[in-house]
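Listed in order, the protein sequences are those of chains A and E.
Heads up: the first sequence is residues -18 to 483, going by the numbering used here.
Heads up: the second sequence is residues 21 to 114, going by the numbering used here.
Glycine is no exception: its CB is placed at the ideal position from the N, C-alpha and C atoms.
Predicted model, so just to flag it, every value in this text is computed and none were measured.
Working notes, beginning with the structure itself.
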Amino acid sequence: MSIFHNTVSRRDFMKAMGFTGVGLGAAALVAPTFHDLDELASQPGPQFKRAWWVKERDYENPTEDMDWGVMKRYNDRKQAQSTGTLAQYPSYNTDLQGRTDRGNALSAKRLTDQAAGYSHKFRALNNGKSDRATYPTWDYTGTFTTAKDYGSSNTALNLPKWTGSKEEAFNMFYSAMRYFGYTWLGVAEMTDKWQNKLMSQYSTTGTNSLYSFENVAAPAIAADPTAVSKEKWVIPMAKPILGIAFSEALSPEARRCPSAISNGNNVIANKTTFLRNRMAGFMVALGYNMFGNTGDQSMPIHTGIAGPMMGYAESSRQNNYTMTAETGPHHNDFTMFTDFPMAPTKPIDAGIFRFCSGCATCAKTCLGEAISFDKEPSFEIPATDGLATTYHNPGPKHFWSNWVKCNNIRQECGGDCAPEKGGRMCWITCPMGNDKGAMIHQLVRATVSNTSIFNSFFATMEEKMGYGPYEPDLWWEMSLPVYGQDTTIGSNKGGYSHGKMG
Amino acid sequence: MWLFIGLFFGAVVIFVWSMLKNKGISVTWYEWILTIIGLSLIFFTIQNYFASLEEFWPIAANWFLLIAGLPGLIFLALAWTLIMRGAKKTQKAA
Chain A
-18 MSIFHNTVSR RDFMKAMGFT GVGLGAAALV APTFHDLDEL ASQPGPQFKR
32 AWWVKERDYE NPTEDMDWGV MKRYNDRKQA QSTGTLAQYP SYNTDLQGRT
82 DRGNALSAKR LTDQAAGYSH KFRALNNGKS DRATYPTWDY TGTFTTAKDY
132 GSSNTALNLP KWTGSKEEAF NMFYSAMRYF GYTWLGVAEM TDKWQNKLMS
182 QYSTTGTNSL YSFENVAAPA IAADPTAVSK EKWVIPMAKP ILGIAFSEAL
232 SPEARRCPSA ISNGNNVIAN KTTFLRNRMA GFMVALGYNM FGNTGDQSMP
282 IHTGIAGPMM GYAESSRQNN YTMTAETGPH HNDFTMFTDF PMAPTKPIDA
332 GIFRFCSGCA TCAKTCLGEA ISFDKEPSFE IPATDGLATT YHNPGPKHFW
382 SNWVKCNNIR QECGGDCAPE KGGRMCWITC PMGNDKGAMI HQLVRATVSN
432 TSIFNSFFAT MEEKMGYGPY EPDLWWEMSL PVYGQDTTIG SNKGGYSHGK
482 MG
Chain E
21 MWLFIGLFFG AVVIFVWSML KNKGISVTWY EWILTIIGLS LIFFTIQNYF
71 ASLEEFWPIA ANWFLLIAGL PGLIFLALAW TLIMRGAKKT QKAA
């Protein structure tokens, strides 16, 4: 007899449901389940999140056994980092000088032989790693006085100038920069376009300088012959000079939880100073130089153009503020010059600038109405208050922001853009600055990069699905990365591999 | 989580496969496609739902249940109904 009209018996069905229940139960066990923000906020705080197999024990009961009856307070003078302690023991005193001599000879041989791990580039890396209080600003020499292990310059190390391919040089420079704390690197040869079109001619009034490309050997500062500024800062072109832009990932949550920390770049560590000093130390040990003033008002390379031209970011509707493919508007840049011959970097296309045409979320949420609502970018720079706009440079096809309105709303709102909560709404609401945990974000990024037909839909869904500012106090509940920055971006080593996805 | 989901999914596939085989039920190509689409949507929903909660976006998490989870269930239900209807016809013909 054939089975009754349904080929799956009730027993089979219930069995399948049982599997389903077990599966969902398992999934629920291993994933945090929050049903609303109140429930989420009532969690006991971020704590240090460990894997589920790490169990917590009672106070004063670590995994090693303790004999509390025997234990007394210890005298640290007797510990083994003290020579006096070591000298009590015969095995330390036996052949002490011989051991030291052999160790010194081995160290010297490693340096002479350029042994693996002690090659020129590692010594340069160590030279940069050592703490430095200074860097060359607008000269080549600087004051390197705090070298520790290997001396400071290549001549002090008895090494020739480092030589290699431009690609190898870029890789070294990039790896050192990552080690010293920054995320993205852009490099450009100072071609005619850079010298005659892209570089600023004068600094802001405060810095008071004319930037001048001259056929001289080293950077210099002299009086400004045009008399517009006080000084002229000479960029030496007797040998090829590269413009470099360093960019670091910022903390999106420090902005998206609008608060007193949301202003500006929200970096907690002054890594600009930290990085430039160390990179200069790295360069000088290789026999090359870096110079520049790093500030966006005291360097001729404008960061708004450095990102798109050098390829670590794209232009955006936010005009001055560029977007990286990984963090959107959440990055901080500075620029320098170097004579280190590296391969330049190319511009990128992640579809971000095209996406901005279909999305105007930042413009909609800007209370100052400073950001353009235009559907497409334009070469035409709009007037400001009926007057010619001087704060834009014609040439790019852009979405042109009204920086006077931007300034006014920030003044009106005590330095922020949103009077109720603070924060800068353009950066907070930008869909390109979304997280990376949910698959949808990478799906959107990949789609946006390849077609623009869904751009408006994605922008609309972004608003519908409730993305935007968090409640400020949620910041205290989030278990954020150190410094609030995702340092795994760009990491290709397995083990940090989620950085590969951006 | 994905280890457990993978184990669970593998067990379900083995169970369904053996059940269909034992009962001589054939599955047409479009029923397979509907099943694959449904399962893909369900997996997509699970990933995005939990990840959105971890990202502190509960509204977005619920949206995924609606825009991906519900269609995923509909696809699976449709596939199941068609398979059962086909099986019924086969049995009647026999």
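Between the CA atoms of D416 of chain A and Y451 of chain A - distance to the nearest angstrom
As a first step, residue 451 of chain A is located in the first sequence; it is residue number 470 there, counting from the start. As a first step, residue 416 of chain A is located in the first sequence; it is residue number 435 there, counting from the start. Distance between the alpha carbons of Y451 of chain A and D416 of chain A is about 13 angstroms.
*asked:* Residues of chain A with CB closer than 7 angstroms to the CB of I79 of chain E, please, in chain order.
replied: For the purposes of this step, residue 79 of chain E is taken as residue 59 along the second sequence, with counting starting at 1. Simply M446 and G447.
**Prompt:** Given a limit of 7 angstroms on CB to CB distance, which residues of the region 402 to 416 of chain A reach chain E?
**Reply:** D416
**Request:** Take the Cβ of V51 of chain A as the centre, count every other Cβ of all protein chains shown within 10 Å, and call the residue buried at 16 or more, exposed below.
**Result:** Against the first sequence, residue 51 of chain A aligns to sequence position 70. Per the 10 Å Cβ criterion, exposed.
Discussion item. For a cutoff of 7 angstroms on Cβ pairs, would you count W83 of chain E as touching chain A?
Written reply: One-based indexing of the second sequence puts residue 83 of chain E at position 63. Against chain A, the CB of W83 of chain E has a partner CB under 7 angstroms away; the residue lies at that interface.
Every unbroken beta strand (DSSP E) inside the region 369 to 428 of chain A [3 residues or more]: none
| Does the beta-carbon of G395 of chain A have 16 or more other beta-carbons within 10 angstroms, so that it is buried, or is it exposed? | Counted from its first residue, the first sequence places residue 395 of chain A at position 414. Result: exposed.
Checklist entry - Alpha carbon to alpha carbon, what distance is there between I470 of chain A and N274 of chain A? => result For the purposes of this step, residue 274 of chain A is taken as the residue at position 293 of the first sequence. For the purposes of this step, residue 470 of chain A is taken as the residue at position 489 of the first sequence. Roughly 27 angstroms between the two C-alpha positions.
task = To the nearest angstrom, report how far apart D48 of chain A and N42 of chain A are at their CA atoms.
result = Numbered from its first residue, the first sequence carries residue 48 of chain A at position 67. Numbered from its first residue, the first sequence carries residue 42 of chain A at position 61. Each residue's alpha carbon lies about 11 angstroms from the other.
*F64 of chain E touches chain A at which residues, Cβ-Cβ below 7 angstroms?*
Taking the first residue of the second sequence as 1, we reach residue 64 of chain E at position 44. Those are M420, listed as they occur along chain A.
The beta strand (DSSP E) enclosing D314 of chain A, as first and last residue numbers: Position 333 of the first sequence holds residue 314 of chain A. Start and end: H312 to T319.
* Would a C-beta distance cut-off of 7 angstroms place P200 of chain A and F151 of chain A closer than the cut-off? -> Here residue 200 of chain A refers to the residue found at position 219 when the first sequence is read from its first residue. Here residue 151 of chain A refers to the residue found at position 170 when the first sequence is read from its first residue. No, the Cβ-Cβ distance between P200 of chain A and F151 of chain A is not below 7 angstroms.
### Message
Cutting at 6 angstroms between CB atoms, please list the residues of its own chain near L61 of chain E, excluding the five before and the five after it.
### Response
For the purposes of this step, residue 61 of chain E is identified with residue 41 of the second sequence, where counting begins at 1. A88, P91 and G92.
Taking the beta carbon of Q466 of chain A as the centre, do at least 16 other beta carbons fall within 10 Å, making it buried, or is it exposed? Counted from its first residue, the first sequence places residue 466 of chain A at position 485. Flag for Q466 of chain A reads buried.
Open item on the list: What does the alpha-carbon distance come out to for the pair F29 of chain A and M459 of chain A?
Closed with: For the purposes of this step, residue 29 of chain A is taken as the residue at position 48 of the first sequence. For the purposes of this step, residue 459 of chain A is taken as the residue at position 478 of the first sequence. Their backbone Cα atoms lie some 11 angstroms apart in a straight line.
For this session: Could you pull the start and end residues of the beta strand (DSSP E) that P217 of chain A belongs to?
Result: On the first sequence, residue 217 of chain A is found 236 positions in, with the first residue counted as 1. E212 to P217 is the span of the beta strand (DSSP E), which, as asked, contains P217 of chain A.
Could you pull the DSSP bridge partners for T365 of chain A from this structure? Stepping through the first sequence from its first residue, residue 365 of chain A is reached at position 384. Answer is A:L368, bridged to T365 of chain A.
inquiry  = Going by DSSP, what residue range makes up the alpha helix (DSSP H) through Y73 of chain A?
reply    = Here residue 73 of chain A corresponds to residue number 92 of the first sequence, with the count starting at 1. Segment P71 to N74, the alpha helix (DSSP H) holding Y73 of chain A.
Alpha helix (DSSP H) segment containing E229 of chain A, residue limits
If you number the first sequence from 1, residue 229 of chain A lands on position 248. No alpha helix (DSSP H) contains E229 of chain A, which is instead part of the beta strand (DSSP E) from L223 to A230.
Beta carbon of M406 of chain A, beta carbon of C347 of chain A: below 7 angstroms? Looking up residue 406 of chain A in the first sequence gives position 425. Looking up residue 347 of chain A in the first sequence gives position 366. Yes, these two residues count as a Cβ contact at 7 angstroms.
If you follow the beta strand (DSSP E) that M171 of chain A is in, where does it begin and where does it stop?
Looking up residue 171 of chain A in the first sequence gives position 190. Element bounds for M171 of chain A: n/a, residue is neither H nor E.
Cα-Cα separation between A31 of chain E and D39 of chain A, rounded to whole angstroms: Translated into the one-based positions of the second sequence, residue 31 of chain E becomes position 11. Translated into the one-based positions of the first sequence, residue 39 of chain A becomes position 58. About 39 angstroms.
- Message: Taking only three categories from DSSP, how would you classify T144 of chain A?
- Response: As a first step, residue 144 of chain A is located in the first sequence; it is residue number 163 there, counting from the start. Reduced to three states, the DSSP call for T144 of chain A is coil.
* In terms of residues, what are the limits of the alpha helix (DSSP H) holding L90 of chain E? -> The sequence position of residue 90 of chain E within the second sequence is 70, counting from 1. From DSSP, the alpha helix (DSSP H) with L90 of chain E extends over L90 to A113.
Among the residues of its own chain, which have a CB less than 7 angstroms from the CB of K378 of chain A, if the five just before and after it don't count? Position 397 of the first sequence, counting from 1, holds the residue named residue 378 of chain A. If we look at K378 of chain A and ignore the five residues flanking it on each side, its Cβ neighbours are P358, S359 and F360.
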